[in-house]
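Input: a single structure, listed below in structure tokens.
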Amino acid sequence: MRIRTIAAALLAILTIHGFTSRLAEAAVVGGQVHVIFVDSPVDFASVGGLPEIAQRAGRCSCCRVHYYNAYRDGSWRAISAEVQQIRRADPNARIMLVGWSSGSMISLKALEDLRQRGICVDTMLHLDSFVLDMFNNRQRPRNVQRVALIYRSNNKPQNIPFDAMYLVDENFHLSLPKQPRAINALMTEIWRLTGEVPVHH
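Under my numbering, read the sequence shown as residues 39 to 239, first letter to last.
Now the structure itself:
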């Protein structure tokens, strides 16, 4: 019994140490994580639910969420200006752009402007942007470290180079962002930047 107690205590210490080490590694990587959600200007009624998803992501500690709507915030220049401001305030910030549907095209335009200014972002995540797949021609932004895709299984992209792809069993484009599998994939990419350990309920 005593041996089991000692073994359990050692396991607990190792577990705590491992968790602490992961947090320490995350702290070494850099500063605050910023996630910029770029809504689709075509989804003017927010059927995809991106504002609610952004709000949910904002509950993740060590993560600041920015929501961009073309009708309210203007052109892609607003996104570029936001990223520039983040970089000036925190050069080590980790930045993720999340483009929903045609919002990906706006994100890429901002990325091109940032590239010309010598500014990089950590992750570009495309949410079921079939327009991007039609016109991308296998181009990859040179100032993005990681490209992640969340797409419908029946709409698997063919022309977008990627580092990670998550496929969701969903027939309707506008329903994809709110699917649990899509949200879990999004949070996985956010946790990857924050270094947090996901807690599943």
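Think of the CB as a built atom: it goes at the ideal place given N, C-alpha and C, for glycine as much as any other residue. Bear in mind that the values here come from a model prediction, so they are computed numbers and not experimental data.
Identify the continuous alpha helix (DSSP H) that holds residue i and give its terminal residues.
i, result
"glycine 156", "Counting along the chain, glycine 156 falls outside any alpha helix (DSSP H), and DSSP gives it neither H nor E."
"aspartate 111", "108-111"
"alanine 116", "114-127"
"alanine 95", "88-95"
Based on the DSSP secondary-structure assignment, which residues constitute the bridge partners of residue i?
i, result
"glycine 137", "Val76 and His164"
"cysteine 101", "Val71"
"arginine 132", "Val71"
Contact check, residue i vs residue j under 8 Å by CB: the rounded distance?
i, j, result
"leucine 214", "arginine 132", "About 25 Å separates the two Cβ atoms, so there is no contact after all."
"glutamate 227", "methionine 134", "7 Å"
"serine 191", "valine 169", "Going by Cβ atoms, the distance from serine 191 to valine 169 rounds to 19 Å, so no, they are not a contact pair."
"isoleucine 117", "alanine 148", "4 Å"
"cysteine 100", "valine 71", "6 Å"
"glycine 69", "asparagine 130", "4 Å"
Do the region 68-81 and the region 136-143 meet, that is, are 3 or more Cβ pairs less than 8 Å apart?
yes
Of all the alpha helix (DSSP H) runs that stay within the bounds of the region 161-226, which reach a length of 4 or more residues?
168-173
Is there contact here, the region 112-127 with the region 182-192, by at least three beta-carbon pairs under 8 Å?
Cβ pair count under 8 Å is below three, so no.
Three Cβ pairs or more, each shorter than 8 Å: is that satisfied between the region 119-130 and the region 80-92?
In short, these stretches do not touch, since the Cβ pair count stays below three.
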